Amino acid sequence: MLSIAYDKKIGKEVKKATQSYIYSGFPATERYNADYTRRELLDVIVYSIANDYFIEEGSELLKMRRKKIADGDTIFYRIKPATVSQVISYSSTINEQILTNAKSLGILNKPCICGLDWHDMGLYSKKIKEAVRTKPKNGTDYALRYLSIESVEEGRRFTFHAVPINPFTNLCEAVSKLISKTREYADIKLMLMDRAFFNADMLEFLIPRNIPHVIPARRNKKIDALERSVRLKKIPIPNTPDSFYVVDNYPLAGRVKIKLVFYFTPSKEPDKPDRCFIFTTNLKVDVKNVKKLAELYRKRWGIETGYRVKDRVWGKTCSTNYVARLLFLFLSILLYNFWTLLRILKPPWTRVYKRFTLNKLKKIMRECIEFGC
Numbered sequence: 006m007l008s009i010a011y012d013k014k015i016g017k018e019v020k021k022a023t024q025s026y027i028y029s030g031f032p033a034t035e036r037y038n039a040d041y042t043r044r045e046l047l048d049v050i051v052y053s054i055a056n057d058y059f060i061e062e063g064s065e066l067l068k069m070r071r072k073k074i075a076d077g078d079t080i081f082y083r084i085k086p087a088t089v090s091q092v093i094s095y096s097s098t099i100n101e102q103i104l105t106n107a108k109s110l111g112i113l114n115k116p117c118i119c120g121l122d123w124h125d126m127g128l129y130s131k132k133i134k135e136a137v138r139t140k141p142k143n144g145t146d147y148a149l150r151y152l153s154i155e156s157v158e159e160g161r162r163f164t165f166h167a168v169p170i171n172p173f174t175n176l177c178e179a180v181s182k183l184i185s186k187t188r189e190y191a192d193i194k195l196m197l198m199d200r201a202f203f204n205a206d207m208l209e210f211l212i213p214r215n216i217p218h219v220i221p222a223r224r225n226k227k228i229d230a231l232e233r234s235v236r237l238k239k240i241p242i243p244n245t246p247d248s249f250y251v252v253d254n255y256p257l258a259g260r261v262k263i264k265l266v267f268y269f270t271p272s273k274e275p276d277k278p279d280r281c282f283i284f285t286t287n288l289k290v291d292v293k294n295v296k297k298l299a300e301l302y303r304k305r306w307g308i309e310t311g312y313r314v315k316d317r318v319w320g321k322t323c324s325t326n327y328v329a330r331l332l333f334l335f336l337s338i339l340l341y342n343f344w345t346l347l348r349i350l351k352p353p354w355t356r357v358y359k360r361f362t363l364n365k366l367k368k369i370m371r372e373c374i375e376f377g378c
């Protein structure tokens, strides 16, 4: 167990780092006669996040421990005049500092295996025009959606960039932004994408640009028929019960020719045929690497883990203001990256690397705001 003195030392370092990263350039209006500074507003927001409270609840609780605390209405009044571009600029600037620091430590020297996906945050209001329709979940079929790219490798799971998605967003342009931003910090070894990206538009974008990718195929009658025919031609993989077959130049939607890989594994039930994982890639596929490629796709779940962690530091609100919700969304990404960086920094973090959980960070931030460090 860590000593109180050492715990306090960590708290001071966290406070210093938080103010250096998260608090810098916070996009809230501040007039010369304002009652509260941007830092005081952000104190309430971060405190609410650390306690898993709505902003209004966090403000009322903090008033019991400190003087001069802004209420929820004041915070949203100061946030609402900000624009979407200001929020994205704030997020990009802070994230750049975090990733540049990580790069200087040598964490991003090697090419990264990246996951690219979108994440929906349920919305119980139809008043936000930027909301997208989704499958019904938890009582709503509306959500705020964002697209992000992040490393899915253990020890450096940083979110490189994120962009908000609305019903009119061009997905290929959004993916292009994410890839360009990622390449500022690390080389992309492989891109793992969900089957939602298996379409002619996306593959027409990826293949000419030589972006290494693995994308599961969407099943349809034509692909199912092709699977049945290649089962008779499948090639066994030495020293494993698995087998595979590659179809080159498969015409997708009559627009783009892709490589389809059929990877067969034995069914757990002896009376059923082998299971088949179908994916497309622009990498060379042979008997030596096909098993590794198929298993490598499991790493994509690292991005889903990242989404679950970010949800734990997402500011809760019932506001229908898009800018406020977008700000809380990007703030959750910054806090996640900040926590990831703190886990791998040199002393005083060396001794607590494996024990420095997200709950530990939230506890330290909460205590620093309540009592000071």
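Taking my numbering, I'd label the letters of the sequence shown as residues 6 to 378.
The beta carbon of each residue, even a glycine, is placed where N, CA and C say it ideally should be.
Since we're looking at a predicted model, the values are computed, not measured.
Taking 8 Å as the limit between beta carbons, can you name the residues of its chain near residue i, skipping five residues before and five after?
i, result
"I27", "L47, V51, I99, L336, L339, L340, F343"
"A258", "N204, A205"
Tell me which same chain residues have a C-beta within less than 6 Å of the C-beta of residue i, skipping the five on either side of it?
i, result
"E135", "N171, Y327"
"D76", "S64"
"L183", "I154, H166"
"R44", "Y28"
"N364", "none"
Answer yes or no: do residue i and residue j have a C-beta to C-beta separation smaller than 8 Å?
i, j, result
"L366", "L347", "yes"
"F284", "V266", "yes"
"R236", "P221", "no"
"V3", "L195", "Since the first and last residues shown for the chain are 6 and 378, residue 3 lies out of range."
"I80", "I60", "yes"
"L288", "P243", "no"
"I349", "I93", "no"
"L152", "A191", "no"
"K264", "V290", "yes"
"R188", "G311", "no"
How many angstroms separate the CA atom of residue i from the CA atom of residue j?
i, j, result
"F376", "V49", "13 Å"
"A87", "L149", "18 Å"
"L334", "G144", "21 Å"
"P32", "R83", "9 Å"
"S130", "Y147", "7 Å"
"D276", "D229", "20 Å"
"T245", "A55", "48 Å"
"I133", "N114", "41 Å"
"P352", "K140", "Model confidence at P352 stands at a pLDDT of 45, short of 50, so the residue's coordinates are unreliable; what they give is reported in the following sentence. Computed Cα separation, rounded: 46 Å."
"S29", "S96", "10 Å"
Contact check, residue i vs residue j under 8 Å by CB: the rounded distance?
i, j, result
"Y233", "F203", "Residue identity check: residue 233 is Arg in the sequence provided, not Tyr. Not confirmed; about 20 Å, so no contact."
"R305", "V168", "About 19 Å separates the two Cβ atoms, so there is no contact after all."
"L66", "I118", "Not quite, the Cβ-Cβ distance comes to about 42 Å (not below 8 Å), so this is no contact."
For the alpha helix (DSSP H) containing residue i, name the first residue and the last one.
i, result
"V101", "Checking the displayed sequence, the identity of residue 101 turns out to be Glu instead of Val. Element bounds for E101: 89–109."
"Y37", "Note, Y37: premise wrong, no alpha helix (DSSP H); not H, not E."
"F333", "327–349"
"C323", "Run containing C323: none; DSSP gives neither H nor E here."
In the DSSP assignment, find the beta strand (DSSP E) that holds residue i and state where it starts and stops.
i, result
"F282", "280–286"
"K142", "137–142"
"W319", "Note, W319: premise wrong, no beta strand (DSSP E); not H, not E."
"A167", "164–170"
"G232", "It is worth fixing the name first, because residue 232 is Glu in this sequence and not Gly. E232 -> not in any beta strand (DSSP E); alpha helix (DSSP H) instead, spanning 226–235."
Near residue i, which residues of its chain fall below 7 Å by C-beta distance, leaving aside the five closest residues on each side in sequence?
i, result
"D279", "F269, T270, P271, S272"
"I308", "G120, D122, E155, V157"
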